[in-house]
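If you read the sequences in order, they're chains C and A.
Under the numbering used here, the first residue of the first sequence carries the number 1, and numbering increases by one thereafter.
Under the numbering used here, the first residue of the second sequence carries the number 1001, and numbering increases by one thereafter.
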Amino acid sequence: DSGVTQTPKHLITATGQRVTLRCSPRSGDLSVYWYQQSLDQGLQFLIQYYNGEERAKGNILERFSAQQFPDLHSELNLSSLELGDSALYFCASSPPGTNYGYTFGSGTRLTVV
Amino acid sequence: AQTVTQSQPEMSVQEAETVTLSCTYDTSENNYYLFWYKQPPSRQMILVIRQEAYKQQNATENRFSVNFQKAAKSFSLKISDSQLGDTAMYFCAFLLYNNNDMRFGAGTRLTVKP
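Here is the structure:
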């Protein structure tokens, strides 16, 4: 157990629908990062939050949005889903003031049918 | 923009032997960090080893060590005494100092054969 909790582990939904992925960071970590990993691909950075504020944005589609709440958990919202959005979505967290690397959750596997 | 290249999509090694995975990166910055992550079939991303660019000494973690060549922008991972549990995808990653966007390579699929 890495300490980063992601729910749900699996999600199957239809095209056009909206889903919410949830992430609880490791205790003490203020930063949350979202990554997308398509089948047999590398990880693509989507967005980062630090203590409730958006800090960095990567290749995140306009149909996707995220937020970090006062208790530091984060949610990634995916709307108007397309078949190509099927992927493994990872959340990672890191403590403040260090660059020891990110701790990843076990991911949410999203299948759009 | 920083890029990370892993030129070996797949590799295999016999159990107990040594294997080296290659990684090159491109940056004009001087202060950064490099990482190797392992992704076994469970899909969990596990940090294997970390290197700070300002340190000349190569990082080691038990059977895992790196060969960091800053001038050549190369960061290879050596796995000694390979074990069946080392079978996984290995990702090289780059992070600028005080940056928030860790960049990953495309990965190398390593298979350890009995």
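C-beta: ideal position from N, C-alpha, C; glycine also.
Quick caveat: nothing in here was measured; it's all calculated off a predicted structure.
Would you say the beta carbon of residue 8(C) comes nearer than 7 Å to a heavy atom of the ligand MG? Looking at this structure, you won't find the ligand MG or any other ligand, since it has none at all.
Tell me, please, which residues DSSP counts as bridged to residue 1054(A). According to DSSP, residue 1054(A) bridges with nothing at all.
Suppose the cutoff is 7 Å on Cβ atoms and the five residues either side in sequence are ignored; what does the same chain contact list for residue 87(C) look like? 36, 37, 38, 110
Would you list, in chain order, the members of the segment 1024–1037 of chain A that have their beta-carbon closer than 9 Å to a beta-carbon of chain C? 1032, 1033, 1035, 1037
Verify whether the separation of the beta carbon atoms of residue 1110(A) and residue 1088(A) is less than 8 Å. yes
CA-to-CA distance, residue 1021(A) to residue 1031(A), given in whole angstroms: 23 Å
Stretch-stretch touch, CB-based, cutoff 8 Å, three pairs: the segment 1005–1021 of chain A with the segment 1047–1056 of chain A: no
Given that a residue counts as buried once 16 or more other Cβ atoms are within 10 Å of its Cβ, and exposed if not, what is residue 33(C)? buried
Thinking C-alpha only, which one of 31(C), 20(C), 3(C), 17(C) is nearest residue 95(C)? 31(C)
Please report the straight-line C-alpha distance between residue 108(C) and residue 19(C), rounded to a whole angstrom. 11 Å
Going along the chain, which residues of its own chain have a beta-carbon closer than 6 Å to the beta-carbon of residue 68(C), five neighbours each way excluded? 32, 49, 52, 74
Under three-state DSSP, which class holds residue 1026(A)? strand
Does the beta carbon of residue 66(C) sit closer than 8 Å to a beta carbon anywhere in chain E? Among the protein chains of the structure shown, namely C and A, there is no chain E.
Any chain A beta carbon closer than 8 Å to residue 100(C): yes
Contacts that residue 55(C) makes with chain A (C-beta to C-beta distance below 8 Å): 1100
Using a Cβ-Cβ cut-off of less than 7 Å, give me the residues of the segment 1035–1066 of chain A that come near chain C, in sequence order. 1035, 1043, 1044, 1045, 1047, 1050
Decide if residue 1117(A) is buried, meaning its Cβ has at least 16 other Cβ atoms within 10 Å, or exposed. Here chain A has residues from 1001 to 1114 only, and residue 1117(A) is not among them.
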